[in-house]
Amino acid sequence: MYTGVLFAQESSGGSSAVAFLFPLLIMGGLFYVLLILPQRRRHKKMDRMRSDITVGDEVRTIGGIIGTVVAEQDDEFTIDIGGQTMRVVKRAISEKLGDDEE
1 MYTGVLFAQE SSGGSSAVAF LFPLLIMGGL FYVLLILPQR RRHKKMDRMR
51 SDITVGDEVR TIGGIIGTVV AEQDDEFTID IGGQTMRVVK RAISEKLGDD
101 EE
């Protein structure tokens, strides 16, 4: 008589674990869709923009410096800033100016 009550209590404990994990999985999925995927898209777009930069393009750095690309090395650009040249890493380029694609 009491064993039926004990089994009923044990089985209800297992379903509460599933009920607890389901919202966590939903929240994890939402976190991925709302935060991680857009960030990946932005990184891909920025990498594509940086790879499309060629000599003669006007660019803006993350520091706000605007110049024209005069040379390209492996992981850096040399930009002309009004008669002066400056070497910057490719990751420091925030925008290619003159593109009206957006």
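Under the numbering used here, the first residue of the sequence shown is numbered 1, with each subsequent residue one higher. For each residue, glycine too, the CB sits at the ideal point set by N, CA and C. If you're wondering where the values come from, they're calculated on a predicted model, not measured in any experiment.
Based on Cα-Cα distance, which residue from the options lies nearest to residue i?
i, options, result
"GLU58", "LEU25, LYS45 and PHE77", "PHE77"
"ASP74", "ILE81, THR85, SER51 and ILE66", "SER51"
"LEU97", "GLY82, GLU72 and GLY67", "GLY67"
"ILE93", "HIS43, GLN84, GLY82 and LEU24", "HIS43"
"VAL55", "PHE20, ARG40 and ALA71", "ALA71"
"ARG130", "SER16, ARG87 and ILE36", "The structure shown does not extend to residue 130, since the chain spans only 1 to 102, so no value can be given for it."
"ARG91", "GLY83, ILE62, THR85 and ILE79", "ILE62"
With respect to the beta strand (DSSP E) encompassing residue i, which residues constitute its N-terminal and C-terminal limits?
i, result
"LYS96", "93-96"
"ASP57", "Looking at the DSSP string, ASP57 is not in any beta strand (DSSP E), and its letter there is neither H nor E."
"ILE65", "ILE65 -> no beta strand (DSSP E), and no H or E assigned at all."
"VAL88", "84-89"
"ASP80", "76-81"
State the CB to CB distance for the pair residue i and residue j, rounded to an integer number of angstroms; the pair is presumed to be in contact (CB under 8 Å).
i, j, result
"VAL69", "ILE53", "6 Å"
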